[in-house]
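Working notes, beginning with the structure itself.
Protein chains in written order, with our numbering: chain W, 2 to 549; chain E, 17 to 352.
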């Protein structure tokens with residue numbers, strides 16, 4: 002099917018989908034270009050010295066986090082789905098709460114608690130009369146192990162959520178058949194239930210891995226030299242842009258592997274979805290020690306991943322309120338909110354556009370455009386930053402030179418020197434979140450409505466605004482909210498792309514915490530966490546609706 | 017619609033906030049703002065010129081290159097020679113001919129082409145535990161590689177500009193091969209993976225993690241005058257290595273005028289102001305650094321740390337060897 006064969010009315014939609022895809026693809030293309038044609042080629046040096054080390058650290062970190070999130074996420078989802086125990090109703094929701102706390106905030110809080118001068122070690126020393134570090138052993142928080150633990154605490158909800166949804170979906174007949182064949186509940190779990198849930202869990206783990214690769218705040222604080230940390234160092238400390246782009250390309254490679262893994266899992270998922278779910282598996286009621294153990298096990302991730310960080314941040318925020326509550330704080334908060342809101346609105350518009358183009362025609366070009374656009378979510382923020390700032394700065398300077406020569410006016414750095422660059426990074430990174438959720442909302446609207454509306458003489462646009470948008474309002478709002486919160490938390494790209502004299506809550510927390518002044522930025526961290534709780538509540542509603 | 021409008025308006029304001037105003041000077045600084053704020057306050061009081069500071073630990077040179085002639089920055093402030101030389105090499109700064117600057121700043125502390133100027137000097141010192149270190153066994157940077165100190169040294173990242181400058185000076189004196197052996201030796205003696213800043217290392221000595229650390233000398237003053245940190249400082253000796261031969265390695269903090277400086281006149285006024293007695297005294301008294309202006313004496317506290325001989329290796333040589341030093345750090349996997 003050629004372009005001309007597409008109906009005239011559909012063309013603008015197709016073209017705008019293509020334009021969106023081109024924009025999203027720009028950062029990746031520029032990173033690869035910079036890596037292939039560097040000003041000063043350091044590839045041999047990098048490949049012979051630091052790169053293997055960065056890669057090794059990244060892989061160890063990813064392996065550790067993926068193992069731990071799998072155990073915690075799947076384990077807690079299984080407990081909640083299969084058993085009744087005290088506090089279950091409340092815990093099934095609370096287990097999602099760590100979503101609200103960014104990994105770097107978890108890391109800052111625990112370092113504060115567990116370092117030598119922190120309350121835990123000080124108490125131990127006072128109780129046992131130890132004098133210095135030579136007298137006892139205490140695990141070092143700022144280490145690879147620490148980083149794995151912190152990130153797992155912040156990321157396991159991805160796995161929990163998807164595993165739980167999948168367990169809820171499983172039909173009771175499977176359970177009954179297995180039980181009647183003499184299978185114990187535990188064997189049923191790993192022989193039947195887990196394999197069925199595997200695709201969903203794999204998607205969750207792929208998301209966890211992408212987030213792990215993306216992280217900068219935690220690894221920077223813990224001096225764990227991953228690819229992201231190496232990219233920052235090579236570019237900004239050593240001033241080697243080409244080398245940084247080469248590291249970025251290695252990261253893109255890792256991402257491509259992850260995305261393929263995720264796509265592969267989703268493809269398999271389809272066969273399971275065609276099943277009629279029927280009644281859910283009945284829950285077994287636990288009593289006595291078993292019940293207590295179950296409650297403890299499900300409570301632990303919530304306690305460590307949310308309650309403790311939240312309590313510590315709140316108490317600091319109160320104690321240092323006079324220092325924290327300043328005009329600067331208000332301006333950081335305004336920056337964060339405005340930028341995130343703008344990003345949320347624009348991603349919603351572009352996401353709707355993409356999803357709607359797909360609904361209108363199943364053209365392979367639209368399909369490809371959507372695939373490319375959804376790739377942005379997997380690209381780490383640091384890679385995006387390089388891929389955005391370089392072409393933008395080039396464009397700005399070209400445009401400025403042209404405008405000066407022709408009209409005698411200077412346009413300055415209209416893209417790279419303003420908040421636009423940050424906004425663009427947010428769009429690239431979070432468009433997939435918006436378009437994905439709108440796509441699934443649209444799927445629930447019967448095509449008959451489109452046909453009816455069109456046959457009554459409405460254009461595609463008017464059909465969208467008068468029929469679809471009112472129907473998918475709720476899904477669209479959720480998508481906006483999730484994007485908003487993701488933007489509030491975003492650190493690696495914001496850090497590089499923000500204009501000078503421009504701080505957000507996240508960058509302020511990062512700067513203060515890295516100068517060991519967490520107390521004074523606790524208020525900002527707390528605001529990020531509290532805003533993060535809102536979509537968690539919505540997520541829970543969605544899941545419990547499914548439960549009924 | 018109203019909300020959309022408000023968002024659009026706020027965005028315009030955010031974007032507009034990077035535009036510049038008339039009587040001011042804009043600074044990109046690798047130095048922490050609170051360290052230089054008293055100086056700028058004094059300048060504004062005297063001249064009526066507003067000073068806007070933008071601080072970043074990394075990446076300012078790259079930013080200047082990218083921004084080209086559209087950069088809002090007038091001056092770059094750095095904390096070491098490597099970065100001064102970097103902005104010069106990248107061609108983003110310009111020469112300043114000012115008789116005040118040349119009179120106040122000795123030749124060895126400014127660029128031969130007058131593209132950068134030093135403001136203060138500081139030594140890369142060795143901090144040693146008062147309880148656990150025999151200072152007789154620690155006379156030089158070279159001594160840090162002795163097996164005697166196995167598992168007893170702490171430092172920040174080998175790739176930090178301060179350490180790179182020290183390693184560059186080692187390359188200048190001993191050649192690359194010997195420096196590599198030395199750096200390997202130091203690495204073998206580390207108590208933990210390089211991390212944190214200079215002060216965190218002294219804290220680690222106090223906590224018993226290690227016995228020796230590398231650090232700039234002014235941190236000693238900063239820690240002594242800080243309620244919480246004075247205990248760290250009291251646990252250590254501040255030493256000036258290599259007094260029996262070439263002298264202690266010295267670095268500078270400095271400034272350079274950007275090529276595109278939109279407020280060039282104001283910027284030069286500020287540069288001159290900073291080289292004169294009043295500002296140099298603030299540097300000495302509040303930051304515990306050695307003023308470059310020979311007419312200004314170091315603070316009493318700094319003088320109490322004693323006289324010392326400094327290595328008179330040229331700063332330009334150190335800056336030129338910075339890249340080699342960085343490659344060596346990668347090669348011996350110092351930070352791993």
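The beta-carbon is built from N, C-alpha and C at its ideal position, and this holds for glycine as well. From a predicted model like this one, the values you see are computed outputs, not experimental measurements.
- Contact of residue 351 of chain E with chain W is assigned, a C-beta pair being separated by under 9 angstroms.
- Within 10 angstroms of the beta-carbon of residue 77 of chain W lie 16 or more other beta-carbons, which makes it buried.
- For residue 10 of chain W against residue 461 of chain W, the beta-carbon gap comes to about 6 angstroms, under 8 angstroms, which counts as contact.
- Linking residue 198 of chain W to residue 161 of chain E through their CA atoms gives a straight-line distance of about 56 angstroms.
- Under a criterion of Cβ atoms nearer than 9 angstroms, no residue of chain E is adjacent to residue 44 of chain W; the nearest Cβ is some 13 angstroms distant.
- Residues of the stretch 50-74 of chain W with a Cβ closer than 8 angstroms to any Cβ of chain E, in chain order: 50, 51 and 54.
- Taking C-beta atoms as the reference points, residue 417 of chain W and residue 78 of chain E fail to come closer than 9 angstroms.
- In this structure, the alpha-carbon of residue 473 of chain W lies about 34 angstroms from that of residue 508 of chain W.
- The straight-line gap separating the alpha-carbon atoms of residue 71 of chain E and residue 51 of chain E is approximately 11 angstroms.
- Within chain W, the residues whose beta carbon sits less than 8 angstroms from that of residue 78 of chain E are 236, 237, 240 and 242, listed in sequence order.
- Between the stretch 43-58 of chain W and the stretch 225-238 of chain W there are three or more inter-stretch CB-CB distances shorter than 8 angstroms, so the stretches are counted as touching.
- By the 16-neighbour rule on beta-carbons within 10 angstroms, residue 15 of chain W is buried.
- Between the beta-carbon of residue 273 of chain E and that of residue 109 of chain E there is about 6 angstroms, and that keeps the pair under the 8 angstroms contact cut.
- Going by beta carbons, residue 198 of chain E and residue 158 of chain E fall inside the 9 angstroms limit.
- Here residue 80 of chain E has 87 and 108 as same chain residues with Cβ atoms under 6 angstroms from its own Cβ, once five neighbours each way along the sequence are excluded.
- DSSP lists E:267 as the beta-bridge partner residues of residue 138 of chain E.
- Close partners of residue 390 of chain W in chain E (Cβ separation under 8 angstroms): 82.
- By the 16-neighbour rule on beta-carbons within 10 angstroms, residue 350 of chain W is exposed.
- If one requires a minimum length of 4 residues, the alpha helix (DSSP H) runs lying completely within the stretch 43-69 of chain W are 44-49, in chain order.
- When Cβ pairs closer than 8 angstroms are counted between the two stretches, the stretch 495-512 of chain W is seen not to touch the stretch 344-362 of chain W, the count staying below three.
- About 41 angstroms separates the beta carbon of residue 312 of chain W from that of residue 29 of chain W, a gap too long to meet the 8 angstroms contact definition.
- If only complete runs of 3 or more residues are kept, the stretch 167-252 of chain E shows the beta strand (DSSP E) at 228-232, in order along the chain.
- For residue 346 of chain E, a Cβ of chain W is located within less than 9 angstroms of the residue's own Cβ.
- Residue 372 of chain W carries a helical assignment under DSSP once its states are collapsed to helix, strand and coil.
- Straight across, the Cα-Cα distance linking residue 247 of chain W with residue 130 of chain W is about 52 angstroms.
- Along the length of the stretch 101-152 of chain E, whole alpha helix (DSSP H) runs at least 4 residues long occupy 115-120, reported in chain order.
- Straight-line measurement puts the Cα of residue 115 of chain E at about 13 angstroms from the Cα of residue 133 of chain E.
- The Cβ-Cβ distance between residue 188 of chain E and residue 333 of chain E falls below 9 angstroms.
- Around the beta carbon of residue 258 of chain E, 16 or more other beta carbons sit within 10 angstroms, so the residue counts as buried.
- Cβ neighbours of residue 318 of chain E within its own chain (closer than 6 angstroms, five residues either side excluded): 304.
- Not a single CB atom of chain W sits nearer than 9 angstroms to the CB of residue 238 of chain E.
- Sequence-distant Cβ neighbours of residue 219 of chain E in its own chain, meaning closer than 6 angstroms and more than five residues away, are 248.
- At least 9 angstroms separates the CB of residue 180 of chain W from every CB of chain E.
- Going by C-alpha positions, residue 503 of chain W is about 30 angstroms away from residue 477 of chain W.
- The beta-carbon distance between residue 422 of chain W and residue 389 of chain W, rounded to whole angstroms, is 6 angstroms. This is short enough to meet the 8 angstroms contact definition.
- Look at the stretch 97-114 of chain E: the residues with a C-beta under 7 angstroms from a C-beta of chain W are 102.
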